[in-house]
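Structure first, then comments.
In my numbering, the protein residues as written are 2 to 564.
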């Protein structure tokens with residue numbers, strides 16, 4: 002329990018003694034810089050009706066009852082109780098709480114989570130559409146681990162479904178050499194086929210669509226040519242996917258494709274039809290009614306021709322995960338546009354009695370600034386923005402801005418860090434704007450701004466590596482007070498953010514800490530200070546470096562050695 006928690010309990014005890022009110026929450030908020038004190042509570046105003054007294058009188062009585070508590074307490078405005086804490090008290094609190102894993106906790110000890118990301122599709126290049134599933138999923142993994150969970154990760158590969166039929170049909174018509182086809186060839190085939198199918202549909206024809214469905218059926222029936230094409234396309238795609246994921250600095254424990262769950266999913270559908278949980282329609286299709294979960298639209302579990310759907314393979318996948326990993330929590334990362342599908346899927350899981358908490362970690366789209374200067378959905382003339390092209394452009398911009406004497410590896414860390422951090426600036430449920438002028442800037446709420454704060458601290462520590470530190474017990478830490486307050490807030494932020502996976506709060510904390518450190522450097526000498534001050538300030542810089550780097554690490558942002 003930290004010092005503010007102790008004070009909360011002391012205030013609650015005083016309230017119980019004074020007014021007989023038990024179990025009331027006492028919360029503190031930071032006070033603006035122009036107001037005396039560091040923290041404030043409105044508890045006296047909330048008690049006014051129950052106590053039958055004016056808030057200021059209640060505040061006075063609480064302060065008098067508490068007596069000497071080690072803090073300077075004062076009354077502000079209509080009855081706020083403000084708390085002033087000395088820098089020395091903050092430093093002592095940080096020293097007492099500090100550990101090699103400061104900020105982490107064991108609240109999830111004994112629990113298992115399975116996090117699914119980035120769930121890329123086979124037979125086409127890794128697109129920007131899978132950026133957010135990867136970055137958000139990786140951050141969810143890191144955050145759960147920081148809260149004591151055991152985390153299993155799986156890249157749920159899109160290796161079956163209608164897309165395979167489209168690629169197979171297009172490839173057979175393309176004249177391309179089977180052994181020389183690339184992932185970019187497959188991507189172009191898909192785009193061209195979709196355009197041709199759309200034109201055919203407008204003409205009232207469906208030959209291409211029928212052929213695509215026939216190839217899909219062949220694959221499910223283990224037709225040798227279909228299996229050979231699917232395997233080859235997937236190998237090409239997986240090698241490409243691994244290269245991109247390596248550049249992004251993300252990985253998973255497993256890569257289980259949808260194809261792995263086609264047969265088990267179909268058997269599960271048959272089982273639940275026999276048990277009366279699912280219903281078979283006259284045309285042979287199978288549905289799961291979800292009215293008891295206030296969902297009016299039944300979930301289609303199997304097509305009339307017996308072909309599997311996403312719901313079929315997802316059913317097989319959920320059953321497999323529960324049987325083999327027994328997770329307490331399963332997190333699936335996709336865009337907000339799939340929200341209803343996963344509401345249906347999770348309701349279906351409850352209906353069949355799966356004892357697991359499913360969570361859809363959804364997010365908004367990625368936008369860009371269009372040629373007319375207006376915000377628009379990120380796209381290209383080819384119909385897709387490739388992740389490799391985005392990373393190449395990011396590295397090019399970083400070289401232009403920070404390139405002198407910076408290694409290729411550091412260029413990668415800055416470029417990827419800028420892209421990732423931009424994903425967490427706002428609440429994940431909102432869309433994000435890919436604005437290079439802001440994302441790669443050394444000012445404002447950006448990844449490079451926060452990374453540079455760490456680089457600067459490490460440069461200071463390196464410069465003072467040979468300095469023999471002295472005892473600083475007499476130092477007051479008043480100049481470091483604002484930074485210390487932020488460092489002490491870090492464990493509570495890590496513990497709180499996991500509820501709802503509000504990763505933007507981690508990014509906000511990192512930016513606020515980097516800002517405060519900049520203000521600190523402007524006013525406070527370190528390397529040129531007297532030995533006691535210098536020792537004390539280096540002690541704090543070491544801890545600030547750890548906390549900021551750890552906050553960025555939770556978001557998947559690495560620290561370069563030079564900027």
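Even for Gly, the Cβ is constructed at its ideal location relative to N, Cα and C.
This structure is a prediction, so every number in the text was calculated from the model and none was measured.
- Close CB contacts of residue 427 within its chain, under the 7 Å cut and outside five residues either way in sequence, are with 433, 505 (chain order).
- Counting along the chain, residue 495 sits inside the alpha helix (DSSP H) bounded by residues 482–498.
- Around the beta-carbon of residue 468, fewer than 16 other beta-carbon atoms lie within 10 Å, marking it exposed.
- In this structure residue 43 does not touch residue 492 by the C-beta definition: roughly 24 Å separates them, more than the 8 Å allowed.
- By the Cβ rule, the region 307–318 counts as touching the region 252–270, because three or more pairs are nearer than 8 Å.
- One Cα belongs to residue 478, the other to residue 486, and the distance between them is close to 11 Å.
- Between residue 8 and the set 20, 26, 59, the nearest pair of CA atoms involves 26.
- Residue 443 counts as exposed, since fewer than 16 other C-beta atoms from the protein chains shown sit within 10 angstroms of its C-beta.
- Residue 151 carries a strand assignment under DSSP once its states are collapsed to helix, strand and coil.
- Rounded to whole angstroms, the separation of the alpha carbons of residue 361 and residue 503 is 13 Å.
- Within the same chain, 355, 356, 357 come within 8 Å of residue 323 by CB-CB distance, once the 5 residues on both sides are set aside.
- With a threshold of 16 other beta carbon atoms within 10 Å, residue 131 meets it and is buried.
- Taken atom to atom, the span from the alpha-carbon of residue 422 to that of residue 375 is near 23 Å.
- Here residue 74 really is in contact with residue 82; their C-beta atoms are around 6 Å apart, less than 8 Å.
- Note on geometry: alpha-carbon atoms of residue 412 and residue 139 lie some 21 Å from one another.
- For residue 510, the CB contacts under 8 Å within the same chain, skipping 5 residues up- and downstream, are 487, 490, 491, 494, 552 in chain order.
- With a threshold of 16 other beta carbon atoms within 10 Å, residue 135 meets it and is buried.
- Shown here for residue 564: same chain residues with a beta carbon closer than 6 Å to its own, the five before and five after excluded, namely 403, 453, 456 in chain order.
- Under a 10 Å Cβ-count criterion, residue 100 is classified as exposed, with fewer than 16 other Cβ atoms of the shown protein chains found around its own Cβ.
- Going by C-alpha positions, residue 297 is about 28 Å away from residue 321.
- The continuous beta strand (DSSP E) containing residue 333 extends over residues 330–336.
- Taken through DSSP and simplified to helix, strand or coil, residue 527 comes out as coil.
- Restricting attention to beta strand (DSSP E) runs no shorter than 3 residues, the region 33–62 encloses them at 40–42, ordered along the chain.
- Residue 361: member of the beta strand (DSSP E) spanning 358–364, first to last residue.
- By the neighbour-count criterion, in which a residue is buried when 16 or more other Cβ atoms sit within 10 angstroms of its Cβ, residue 449 is buried.
- DSSP places residue 539 within a helical segment (H, G or I) once states are collapsed to three.
- When the Cα atoms are used, residue 29 and residue 514 turn out to be separated by approximately 19 Å.
- Shown here, residue 74 sits in a strand according to DSSP, grouped into three states.
- Across the structure, residue 175 and residue 166 are spaced so that their CA atoms are roughly 14 Å apart.
- Contact between the region 459–473 and the region 518–534 is present: 3 or more CB-CB pairs across the two stretches fall below 8 Å.
- Counting only the Cα atoms, residue 54 lies some 11 Å from residue 61.
- Where residue 219 is concerned, the enclosing alpha helix (DSSP H) starts and stops at 208–221.
- If the five residues before and after residue 284 are omitted, its C-beta is found closer than 6 Å to the C-beta atoms of 305, all from its own chain and listed in chain order.
- With a cutoff of 8 Å on beta-carbon distance, residue 417 and residue 217 are scored as not near each other.
- In this chain, the alpha helix (DSSP H) harbouring residue 422 covers 409–425.
- Relative to residue 309, the option among 471, 160, 352, 129 whose CA is nearest is 160.
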